[in-house]
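**Student:** Residues in the sequence shown are numbered from 25 upward in steps of one, following the working numbering.
For glycine and all other residues, C-beta sits at the position ideal for the given N, C-alpha and C.
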Amino acid sequence: MSTRRTYRWPQPLDGQRQRLWYGGDYNPDQWPEEIWDDDIRLMRKAKVNLVSLGIFSWAKIETSDGVFDFDWLDRIVGKLGKAGIAVDMASATASPPMWLTQKHPEVLWRDERGDICWPGARQHWRPTSPVFREYALRLCRQMAEHFKDNPYVVSWHVSNEYGCHNRFDYSDDAMCAFQKWCKARYGTIEAVNDAWGTSFWAQRMNDFSEIIPPRFIGEGNFMNPGKLLDFKRFSSDALKDFYKAERDTLAQITPDKPLTTNFMVSTGGTPLDYDDWGDEVDFVSNDHYFVPGEQHLDELAWSASLVDGIARKKPWFLMENSTGAVNWRPVNYRKEPGQTVRDALAHVAMGADAVCYFQWRQSRAGAEKFHSAMVPHAGENSQIFRDVCELGDDLRKLSEAGLEGTELKKSSVAIVFDYQSEWATEHSANPTQKVRHFTEPLDWFRAFADLGITADMVPMRSDWDTYEVAVLPCVYLLSEVDSNRIRRYVSNGGKLFVTYYTGISDEHDHVWLGGYPGSIRDVVGVRSEEFTPMGDDFPGALDHLNLSNGAVAHDLADWITSTSPDATVLAAYQAEERTGMNDVPAIVVNPFGTGKCVYVGCKLGRDGLRLSLPQALDEMGVGYPREADAGHVLRVERKSEDGRRTFLFYFNRGDDDVKVEFEGEIVVSSLVQSETRNTASISPNGVLIVKGQ
Ligand code: GLA
Ligand code: GLA
């Protein structure tokens with residue numbers, strides 16, 4: 025269980041009412057000052073009320089060692105503040121200047137082969153460098169002293185996306201810090217030896233000084249997985265310690281200003297254990313970049329729901345998203361008409377009380393000049409800027425209707441996300457490289473959405489066991505404590521889904537013995553003796569398995585060799601005898617205490633889950649909308665604590681218009697045709713927001 029800091033949210037400027045925050049990263053230092061007044065005119069036109077400033081400005085603030093220039097920053101903060109635009113001020117420490125790294129090359133991080141990461145981009149520093157820490161904290165102190173009485177600075181934006189480029193550092197500084205971290209975690213070198221299973225391949229260590237980071241071991245070789253898992257934990261912690269030092273330096277001087285640092289929660293975005301980091305911020309903020317294609321809305325809603333889970337349902341801050349294309353993918357797709365507004369409102373639906381972009385004005389030069397912005401290259405007369413203005417208007421209407429401070433209503437279904445299981449399933453010596461923790465939660469989220477249920481994404485450490493239904497999707501690592509928590513949940517009446525590849529190993533990645541899933545076999549009522557991976561990399565290899573309920577399994581299935589006497593098989597495989605999988609149970613329901621557990625022993629994907637879920641939900645006695653088109657709309661509800669304010673959000677998930685019935689007043693709509701007082705038709709990429717009565 026975690027301990028969160030007291031929730032604190034950036035407060036409005038003097039004389040202003042609390043509103044949803046709206047704006048973006050603002051980089052006035054990339055532009056001649058003549059343009060600043062025009063920026064502010066356009067911000068006002070778009071109803072922007074906050075910008076993040078100074079994120080990459082270290083070189084312009086500390087022009088040489090110990091020489092600080094705040095004049096330009098004061099000028100722009102003053103202009104913004106007078107125009108009623110608040111500032112989320114960066115610590116400015118994200119990217120060190122050239123003079124610093126020339127003077128102290130020992131702050132640069134090293135890759136696994138020991139090569140130096142040179143300046144030329146950003147984040148070329150190592151969190152464990154005492155020298156870098158000294159410089160960064162000095163800048164934090166200067167920033168805090170300078171802005172402590174500035175009424176326009178409403179929050180601190182500490183560094184930027186920690187670990188985006190410098191997640192792993194293999195330098196000697198990192199080595200020393202890793203040794204200390206192991207000592208603090210394990211106490212004795214024997215305990216480290218046990219945890220990492222060093223009897224294997226003669227890796228036994230006699231002393232903490234023999235611990236080295238998982239440096240290059242030659243192509244095609246296999247790193248000790250225990251060490252690798254701990255190095256991921258350590259790397260998240262090393263950056264976290266650095267963040268805490270920056271945060272505390274700022275907080276000591278400006279105790280009244282809330283602090284955050286922007287996370288990168290999205291599918292596959294697992295460089296840091298963001299749920300653990302959630303303990304250390306005053307309010308959670310996130311950067312999200314859309315995934316093009318058919319999963320666009322679902323992936324966004326999934327990520328935003330996970331952020332909401334990390335924020336423990338307190339309102340959170342969307343620190344960055346994009347008005348259109350990014351420029352860091354091989355192909356940088358545009359958004360379709362309506363998606364700029366829809367995406368932002370989908371984050372709001374899932375609990376965001378702030379919508380910000382990277383960045384305000386699209387750059388002319390530099391590595392992100394083709395990344396979209398609020399003011400694009402085309403300027404004010406552009407569809408993007410018109411969308412930005414429309415959104416500003418929508419957020420104002422939502423504020424006036426009283427949306428901020430309401431929380432995403434708790435769903436009946438929790439889908440668990442576990443950072444550490446994701447890390448462990450990434451390792452190279454596993455039953456298959458086709459299975460990772462993180463893909464499975466999205467498939468479940470989408471399958472429930474297809475049935476008309478918007479599930480909550482809930483971190484493993486949080487309160488998933490207070491939901492009517494919980495899903496453990498490929499939660500590969502289960503400690504004894506977590507296994508007992510699962511046991512209690514179901515025996516006290518919980519309705520639990522567990523998938524293949526859950527509960528395989530303990531927290532050290534030591535396999536639970538006696539048959540999979542070793543630590544919770546009694547709960548799930550199945551015993552699997554072997555994995556059945558599937559693939560198409562050899563002619564004639566088993567590449568899929570058909571289930572008796574019509575679903576099709578890919579990538580991995582359990583060879584379930586026995587089920588408990590009380591269990592019922594809901595679906596079995598239909599395969600050629602020679603595969604050994606014919607009639608083997610695939611989906612099994614098992615009563616346990618006063619609850620029930622459904623075990624899904626293979627990867628079914630969204631389609632197979634959608635097909636299999638109704639029967640499983642019926643078995644468990646869980647209700648769901650029965651209308652055939654319930655899944656065409658993503659329905660989300662936000663509510664005030666006293667229950668007086670309710671907002672309903674309806675998003676079209678598909679490619680055709682969809683009709684909705686609602687009760688209440690329409691507050692915001694985009695690509696919607698109102699039909700009667702209580703019905704409307706939502707076009708693809710459209711959204712309807714209604715205030716309940
Ligand atoms: C990240 C960074 C921003 C910018 C955007 C867009 O989220 O924080 O500085 O680079 O990506 O690529
Ligand atoms: C080789 C090695 C063994 C073991 C096996 C299985 O044969 O000699 O130690 O690693 O491969 O991978």
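1) According to DSSP, is Tyr500 helix, strand or coil?
2) With a 10 Å radius around its C-beta and 16 neighbouring C-beta atoms as the bar for buried, classify Val91 as buried or exposed.
3) Identify every run of the alpha helix (DSSP H) within the segment 381-442, keeping only runs that are complete inside it and at least 4 residues long; order them along the chain.
4) Between the C-alpha atoms of Lys715 and Glu428, what's the straight-line distance to the nearest angstrom?
5) For ligand 1, I want to know if Asn184 counts as a neighbour, meaning its beta carbon is within less than 6 Å of at least one of the ligand's heavy atoms.
6) Could you have a look at Pro129 and say whether DSSP puts it in helix, strand or coil?
7) Count the other C-beta atoms from every protein chain shown that fall within 10 angstroms of the C-beta of Leu537, then say buried if there are 16 or more, exposed otherwise.
8) Using the Cβ count rule (16 or more neighbours within 10 Å means buried), how would you classify Met398?
9) Going along the chain, which residues of its own chain have a beta-carbon closer than 6 Å to the beta-carbon of Phe394, five neighbours each way excluded?
10) Return yes when at least one heavy atom of ligand 1 lies under 6 Å from the C-beta of His128, else no.
11) So, with DSSP's three-state summary, where would you put Ser233?
12) Is it buried or exposed for Ile241, if we count other Cβ within 10 angstroms and need 16 for buried?
13) For Gly517, which residues in the same chain have their Cβ closer than 8 Å to its Cβ, ignoring the five residues on either side in sequence?
14) Give the list of continuous beta strand (DSSP E) stretches no shorter than 3 residues that lie fully inside the segment 143-195.
15) Can we count His395 as close to ligand 1, meaning its CB is less than 6 Å from some heavy atom?
16) Verify the contact flag: Glu554, CB atom, against every heavy atom of ligand 1, threshold strictly below 6 Å.
17) Would you check if the distance between the CB atom of Tyr500 and the CB atom of Ile544 is smaller than 7 Å?
18) Just confirm the distance between the C-beta atoms of Met112 and Pro52, as a whole number of angstroms; I'd bet it's less than 8 Å.
19) Closer than 7 Å by C-beta to Lys256: which residues in its own chain qualify, once you throw out the five before and the five after it? Chain order, please.
20) Name the residue from Lys103, Met644, Tyr186 and Ala275 whose alpha carbon lies nearest to the alpha carbon of Ile79.
21) Looking only at C-alpha atoms, which of Thr294, Tyr648 and Arg157 sits nearest to His461?
22) Using only the heavy atoms of ligand 1, determine whether one of them is closer than 6 Å to the beta carbon of Phe462.
23) Can you give me the Cβ contacts of Tyr491 inside the same chain, cut-off strictly under 6 Å, excluding the 5 residues immediately before and after it?
24) Any idea if Arg271 is buried or exposed, counting beta-carbon neighbours within 10 angstroms, 16 or more meaning buried?
25) Please indicate yes or no: does the CB of Glu344 lie closer than 6 Å to some heavy atom of ligand 1?
26) Whole angstroms are fine: how far does the CA of Asp261 sit from the CA of Thr212?
27) For the putative contact between Arg228 and Asn245, defined by C-beta atoms under 8 Å, what is the C-beta separation to the nearest angstrom?
28) Would you mind reading off the limits of the alpha helix (DSSP H) that contains Arg470?
29) Rounded to whole angstroms, what is the Cα-Cα separation between Ala325 and Ser452?
30) Which residues share a DSSP beta bridge with Cys621?
31) Should Asp193 be counted as a contact of ligand 1 given a C-beta to heavy atom distance under 6 Å?
32) Anyone know if the C-beta pair for Pro237 and Tyr176 falls short of 7 Å?
33) Specify, as a first and last residue, the run of the alpha helix (DSSP H) that Val101 falls within.
34) If we count the other Cβ atoms within 10 Å of its Cβ and call it buried at 16 or more, is Glu651 buried or exposed?
35) Within the chosen definition, does the segment 339-346 reach the segment 362-376 through at least 3 CB pairs nearer than 8 Å?
36) Pull the bridge partners of Gly48 from the DSSP assignment, please.
**Tutor:** The structure says:
1) coil
2) exposed
3) 407-424
4) 13 Å
5) yes
6) helix
7) exposed
8) buried
9) Asn351
10) no
11) helix
12) exposed
13) Gly617, Thr618 and Gly619
14) 177-181
15) yes
16) no
17) no
18) Sequence inspection shows Asp at residue 112; the Met mentioned does not correspond to that position. The pair is not a contact, with the Cβ atoms about 14 Å apart (cut-off 8 Å).
19) Trp447
20) Tyr186
21) Thr294
22) no
23) Ala438
24) buried
25) yes
26) 20 Å
27) Contact flag wrong, Cβ pair sits at about 18 Å.
28) Thr463 to Asp474
29) 30 Å
30) Leu520 and Asn614
31) no
32) no
33) Asp95 to Lys106
34) exposed
35) yes
36) Val75 and Tyr381
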